[in-house]
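Below you'll find the structure, written out as C-alpha cells, and then a few comments.
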Amino acid sequence: MKNYTLKVQEVRKETNDTVTICFKQPGLKKIKYLSGQYLTLQFRINGRRYIRPYSFSSTPGIDSTLDVTVKRVPGGIVSNYINDVVKVEDVIEVQEPLGDFVFELDESLNSVVFWGVGSGITPLFSMIKDLLLNHSLINVYLVYGNRSNSSVIFKDQLEKLKINYSKRFKIYNFYSKEEFFNEDSHNYRGRIDSGFVKSLISNIEYPSRHYICGPIGLKNTVKESLINLGENINNVFSEDFELIKNPEDFKEIKDQEIYLNFAGIESKISIKSGNSVLEEALEVGLELPYSCQTGNCSTCKGTLKSGQLKMIGLDKPRNDLKDNEFLLCCSYPLTNNVCIEI
Ligand SMILES: Cc1cc2nc3c(=O)[nH]c(=O)nc-3n(C[C@H](O)[C@H](O)[C@H](O)COP(=O)(O)OP(=O)(O)OC[C@H]3O[C@@H](n4cnc5c(N)ncnc54)[C@H](O)[C@@H]3O)c2cc1C
Ligand code: FES
C-alpha cells in the first residue's frame, strides 16, 4: 500500500455541516484514480491514529485538485475534526486510491441512474461529471434525497450541470423535512420509495445501469424495487459508507480473548462481543493497517493460525480470500483459542 502526503489547497464550505477539502496534486507523480473511488485519510488526534476513507468528489481529467467532501457525523471523531480543524496549507497523509464502485464503459449503454442520499452524493457527483463531460451519448438521471434544501451538497454545481446538459441530465430531489419548496415535477416530499423507482424506470432509455450510495434503507428500497421490476442485478451497483451489522448474525458471538501477532509481536486482546478484532486491536493501541472498515478493501487482512473467526457484514462475496484469510474489520471470534497473524 502506497502512502502520500498531500497539501490542502482549498477548504470549501458546502453546507452547514459539510466541507470539501481540495488537495494539490503532487508536483511529480500525480495520483491516479477513477471516479467513484475513495481516498483514505490518516490523522493523529489526541495521540491516536485514525484512518477514514472518503470518496472523491473531484473527477479525474476534469478537476485539477483531488477533492473529498466530508459531512459531520454526530459524535464522529474524524468527520468533525475535518470540518473544524483542517485548513489550507495543512499536510495530510493519505493512502493510494481504492475502491471498485466505478463506472465501466459499455458502448451500448443509453442511460445511467444515480440514487443518492446526503453525503452519498460524493462518488455519484464525480461519476456524473465524468459521464456528462466525457460520454455524450449517455443520458444521466440523479435521484437525490436530503432533509431540506439547505442540506443539499453541490446544489449550485448540480444546477449548473442541469442547465448546461439540459437534454441529457435530469435531477429529482426528495426532501424529508423541508416545509417550503417549489413543488414541481422534479421536487418531492418524503423519501425515495418503490413507487417512484417504478415510475422513473418506466421512462428511462434502455439499456441502463444504476449506482446507489446512501443509507441501508435507500439501498434496500432501490435494489429490491429494481429487481422486482425485472432489472438484472448485474446492472445495479452500490457503495456503503458504514459496515451493515445485522443483530441476527451476532447471536453466537461472545466475549473472547485472542492472540494477535502483528509485525512479529504477540499481544493478548480481549474482544467484547459485537466488537470486531480490528476495533479492539486499535483500542489497545495496535496500529494495524486498515482503510474502508466495511470489508471492501483487503488492507486489514489477517491469517488465522488457530481457532474460529466469523466474518459479518460483507456486502459482496470475497472469493479472493483463502480459507484461513480474514478481514479483521468484520471478523469476530467464535472460540477462545483464536490466534491471528498480520
Ligand atoms: C468507501 C467509503 C467512502 C466514504 N466516503 C465518504 C464521503 O465521501 N463523505 C463522508 O462524509 N463520509 C464518507 N464515508 C464515511 C467516513 O469514512 C466515516 O465513516 C465518517 O466520516 C464517520 O467518521 P467519524 O470518525 O467522524 O465517526 P466515528 O467516530 O468513526 O463514528 C462515530 C459514530 O458514528 C457512526 N457512523 C460512522 N460512520 C457513519 C456514517 N457514514 N453515517 C452515519 N453514522 C456513522 C458510528 O457507528 C459511530 O457510532 C465513507 C466511508 C466509506 C467506507
Ligand atoms: S479495512 Fe477494508 S476490508 Fe477491512
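Quick note on this note's numbering: the sequence shown kicks off at 83 and runs consecutively.
All C-beta atoms, glycine included, are put in the ideal place defined by N, C-alpha and C.
In this text the structure is predicted, and so the values were computed from the model without any measurement.
Residue i burial status per 10 Å Cβ neighbour count (16 or more: buried)
i: F262; result: exposed
i: R409; result: The sequence given here has Leu at residue 409, not Arg. Answer is buried; the Cβ neighbour count reaches 16.
i: D182; result: exposed
i: I309; result: exposed
i: H292; result: buried
i: K350; result: exposed
i: M426; result: Nothing about residue 426 can be reported from this structure: the residues present for the chain run from 83 to 424 only.
i: L311; result: exposed
i: A345; result: exposed
i: N128; result: exposed
i: V304; result: buried
i: T204; result: buried
i: K333; result: exposed
i: S281; result: exposed
i: P415; result: buried
i: R140; result: With the sequence shown as reference, residue 140 is identified as Ser, and Arg is not the correct amino acid for it. Its Cβ being crowded by 16 or more others within 10 Å, S140 is buried.
Extent of the continuous beta strand (DSSP E) run through residue i
i: G227; result: N221 to N228
i: S137; result: R130 to S137
i: I340; result: Q338 to F344
i: E362; result: Premise fails: E362 lies in the alpha helix (DSSP H), V359 to E365, not in any beta strand (DSSP E).
i: R291; result: S290 to C295
i: R400; result: That residue, R400, is in no beta strand (DSSP E); it is neither H nor E in DSSP.
i: S352; result: I347 to I353
i: T151; result: L148 to K153
i: M393; result: L391 to M393
Three-state class that DSSP yields for residue i in the structure shown
i: P179; result: strand
i: F196; result: strand
i: C411; result: helix
i: K327; result: coil
i: L214; result: helix
i: V101; result: strand
i: F319; result: strand
i: L386; result: strand
i: N264; result: coil
i: I286; result: coil
i: L206; result: helix
i: F256; result: strand
i: F125; result: strand
i: F332; result: helix
i: N85; result: strand
i: N378; result: coil
i: N269; result: strand
Limits of the unbroken alpha helix (DSSP H) element including residue i
i: G427; result: Because the chain in this structure spans residues 83 to 424, residue 427 falls outside the shown range and cannot be described.
i: Q239; result: K237 to N246
i: S276; result: S276 to I283
i: Y163; result: I159 to D166
i: V420; result: Here V420 belongs to no alpha helix (DSSP H), and DSSP marks it neither H nor E.
Check whether residue i and residue j have beta carbons under 9 Å apart
i: I164; j: L123; result: yes
i: I283; j: V195; result: yes
i: V170; j: Q91; result: yes
i: R154; j: T100; result: yes
i: C295; j: L206; result: yes
i: T151; j: I235; result: yes
i: K259; j: S230; result: yes
i: I335; j: G367; result: no
i: L213; j: F185; result: yes
i: E321; j: S137; result: yes
i: G389; j: C411; result: no
i: I174; j: F105; result: yes
i: E423; j: K392; result: no
i: F256; j: G272; result: yes
i: S232; j: N98; result: yes
Distance cut-off 8 Å: residue i Cβ against heavy atoms of ligand 1
i: V304; result: no
i: F319; result: no
i: D322; result: yes
i: P329; result: no
i: V199; result: no
i: R134; result: yes
i: T100; result: yes
i: N23; result: This structure cannot speak to residue 23, because the chain is shown only from 83 to 424.
i: I298; result: no
Residue i CB to nearest heavy atom of ligand 2 below 8 Å
i: L219; result: no
i: S373; result: yes
i: G377; result: yes
i: L116; result: no
i: K336; result: no
i: C411; result: yes
i: D383; result: According to the sequence displayed, residue 383 carries Lys and not Asp. Because some heavy atom of ligand 2 lies under 8 Å away, the Cβ of K383 counts as near it: yes.
i: S137; result: no
i: S388; result: no
i: L360; result: yes
is_contact[residue i, chain C] using C-beta, thresh 9 Å
i: S233; result: No chain C appears in this structure, which consists of one protein chain only.
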